[in-house]
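Below is one structure; the comments refer to it alone.
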Amino acid sequence: MTDKQLNIPSLLSKLELELKQAIASRALKDPLMIGVHSGGVWIAEQLHQRLNIKEALGLMDISFYRDDFSQIGMHPKVKPSELPNHLEGRDIILIDDVFYTGRTIRAALNEIFDYGRPNQVLLGVLIERDGRQIPLKPDCSGCSINLPAGQRIKLTGPVPLGIHIESFNKKQTTT
Amino acid sequence: MKNLQLSKEGKLKHFLSIEGLSIELLTEILDTAESFAGLPNQQVKKVPLLRGKTIVNLFFENSTRTRTTFELAATRLSADVLSMNIATSATSKGESLLDTIRNLEAMHVDMFVVRHAISGAGHFIAQNTAPHISVINAGDGQHAHPTQAMLDMFTIRQHKQDFTQLKVAIIGDILHSRVARSQIQAFNILGVKEVRVIAPKTLLPSHVESLGVTVFNDIEKGLVDTDVVIMLRLQKERMSAALLPSEREYFKCFGLTEQRLKLANPDAIVMHPGPINRGVEIESNIADGAQSVILQQVSNGIAVRMAIMSLTMQSHGEQI
């Protein structure tokens, strides 16, 4: 797999279609869309428009909920999350760019629950790759790929959006 | 000389004094605090960052605001907090400071927050404690109160974006004020345009100009054109000699009145580290007035202390 084969417009269209189907089948009511900082926010901005969601897009920085603080310390430039004060009883569409180990989503779910108990959460990602480390899985995705363990997918943006597959050393964080 | 406060990688390990820290580090503290400031909006007002860590508040000197905001900051980071009441602890039975520290270390704590009447107490503990423990200075003698200075910088940044354009006045008992010393250092590192100190000669340390300030003995001259007005409390408990004729006389000469505040810029903010003595250094209606940010300082104390606690704890992942 190379980055040339990952075409963003078609990935976005496939994710949009899957989300539409899931919103209908799970009967989401006045959903709130939340993007995970930073790549997830860029993807969510596109989908927020395409799905015509009325309520403003929520932004989430999960740095304070990470499980690797004692190993790698604080992330530089943590942005305050921008979410409504209460998520109690809400239907939420959570959007991230890449689903890999599942740890980011674990952290995001914990943060969501600290704002209140949602009615349901739907997870959509642009790309799902192999390498899950905890039992979580996206509901909707633009594509599903396999990559060697030493490689990762990096999204650049917000305008234009770009996908790069690069090698990384073990000490860096994983998404 | 190696800065005791920094780890080998240059990260904050202890927070003892503003002196010697870089503008980047101070800005990192302010930015991190900004991220914590939104936390009260959450239904659960805490994040799991320091879960499983134990923080001990060692207050050898009385404090209400500082101790409670440190406790709240620690609990909002999900740490376990123990506040030692020194008056009833073993110290009063003759145990030495080092023995108290050794005993707490044996209980596997991760951080000491120390307030002490003797200057340098925090440094002493940092030098003598186990390598995995971080020490935060919550006020030592007349030396430093760096977390107070940082929460003041944070409050100023909320109202005035650019430090380099500011004229700041610190008014009152500079001689006994560890807050003023830490503020002056922070202002100079952040590149404030002018720092003025306004006080009677008896309440100024000797060679105060060497700290990088302009000295005024007349409040009405000193206030002209300032953007930030910081009032200090008269620390009567630390005054060993008759430095002032009377409180009434002091208010007449150096108290902040509505009339005098008009000399500062119209959008100037009024600050006070608390506790305030109404009618001694500040007129009551100014303390409660539109330009006062005194209660915002208190709220901001929690977010800033959360930032400092989590930044010092992140060096724990490094190999020591």
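Residue numbers (our numbering), protein chains in the order written: chain D, 6 to 180; chain X, 588 to 907. For each residue, glycine too, the CB sits at the ideal point set by N, CA and C.
Residue i: contacting residues in chain X (beta-carbon distance under 8 Å)
i	result
residue 164 (chain D)	Per Cβ cutoff of 8 Å: no residues; residue 164 (chain D) is ~25 Å from chain X at best.
Start and end residues, alpha helix (DSSP H) containing residue i
i	result
residue 40 (chain D)	Run containing residue 40 (chain D): none in the alpha helix (DSSP H); it sits in the beta strand (DSSP E), 37 to 41.
residue 699 (chain X)	Element bounds for residue 699 (chain X): not the alpha helix (DSSP H) but the beta strand (DSSP E), 698 to 703.
residue 838 (chain X)	834 to 841
residue 884 (chain X)	881 to 900
residue 651 (chain X)	From DSSP, residue 651 (chain X) is part of no alpha helix (DSSP H); its letter is neither H nor E.
Proximity test, Cβ basis, 8 Å: residue i and chain X
i	result
residue 85 (chain D)	yes
residue 142 (chain D)	no
residue 178 (chain D)	For residue 178 (chain D), the predicted structure reports a pLDDT of 45, less than 50, and the residue's modelled location is therefore unreliable. The matter cannot be settled from this model.
residue 105 (chain D)	no
residue 151 (chain D)	no
Min CB distance residue i to chain D below 8 Å
i	result
residue 670 (chain X)	no
residue 810 (chain X)	no
residue 816 (chain X)	no
residue 634 (chain X)	yes
residue 906 (chain X)	Per-residue confidence for residue 906 (chain X) stands at a pLDDT of 39, beneath the threshold of 50, marking its modelled position as unreliable; the derived number appears in the next sentence. By this cut-off, residue 906 (chain X) is not an interface position.
Residue interval of the beta strand (DSSP E) (run including residue i)
i	result
residue 65 (chain D)	63 to 65
residue 112 (chain D)	Where residue 112 (chain D) is concerned, there is no enclosing beta strand (DSSP E), although the alpha helix (DSSP H) it sits in stretches over 108 to 119.
residue 610 (chain X)	It is not in any beta strand (DSSP E) - residue 610 (chain X) instead sits in the alpha helix (DSSP H) that spans 610 to 623.
residue 104 (chain D)	96 to 104
residue 725 (chain X)	721 to 727
Chain-ordered chain X contacts of residue i [CB-CB under 7 Å]
i	result
residue 91 (chain D)	630
residue 82 (chain D)	618
Residues that residue i contacts on chain D, provided the C-beta gap is smaller than 9 Å
i	result
residue 901 (chain X)	74, 75, 77, 78 and 79
residue 891 (chain X)	Correct list: empty, because the minimum Cβ distance to chain D is about 14 Å.
Neighbour list for residue i in chain X, Cβ cutoff strictly below 9 Å
i	result
residue 121 (chain D)	629, 630 and 631
residue 173 (chain D)	Here the premise fails: no neighbours, minimum Cβ distance about 19 Å.
Partners in chain D for residue i, counting only beta-carbon separations shorter than 7 Å
i	result
residue 531 (chain X)	An answer regarding residue 531 (chain X) cannot be provided, because it is not within the stretch 588 to 907 covered by chain X.
Short-range partners of chain D found in the segment 603 to 624 of chain X, where Cβ spacing is below 9 Å: Under the 9 Å Cβ criterion, the segment 603 to 624 of chain X contributes 615, 618, 619, 621, 622, 623 and 624.
Stretch pair the segment 646 to 666 of chain X + the segment 139 to 155 of chain D: three plus CB contacts closer than 8 Å: Judged by Cβ distances under 8 Å, the segment 646 to 666 of chain X makes no contact with the segment 139 to 155 of chain D, as fewer than three pairs qualify.
Touch test, the segment 840 to 857 of chain X against the segment 815 to 826 of chain X, Cβ-Cβ under 8 Å, three pairs minimum: Counting Cβ pairs under 8 Å, three or more are found: they touch.
Residues in the segment 701 to 721 of chain X having any Cβ partner in chain D nearer than 7 Å: Within the segment 701 to 721 of chain X, no residue qualifies.
Three or more C-beta pairs below 8 Å linking the segment 609 to 629 of chain X and the segment 666 to 673 of chain X: No, because fewer than three Cβ pairs between the segment 609 to 629 of chain X and the segment 666 to 673 of chain X fall closer than 8 Å, the two stretches do not touch.
Cβ pair count under 8 Å reaching 3, the segment 884 to 896 of chain X against the segment 621 to 636 of chain X: With a cut-off of 8 Å, the segment 621 to 636 of chain X and the segment 884 to 896 of chain X count as touching, because enough Cβ pairs lie within range.
Cβ contact (3+ pairs, closer than 8 Å) linking the segment 591 to 611 of chain X and the segment 149 to 166 of chain D: Cβ pair count under 8 Å is below three, so no.
Meets three-Cβ-pair contact criterion under 8 Å: the segment 163 to 170 of chain D and the segment 733 to 746 of chain X: These segments do not touch.
Three CB pairs or more closer than 8 Å across the segment 11 to 24 of chain D and the segment 129 to 139 of chain D: Yes, the segment 11 to 24 of chain D is in contact with the segment 129 to 139 of chain D.
Inter-stretch contact at 8 Å, needing at least 3 Cβ pairs: the segment 32 to 52 of chain D / the segment 87 to 101 of chain D: A contact exists between the segment 32 to 52 of chain D and the segment 87 to 101 of chain D.
Cβ contact check for the segment 644 to 651 of chain X and the segment 616 to 625 of chain X: 3 or more pairs under 8 Å: These segments do not touch.
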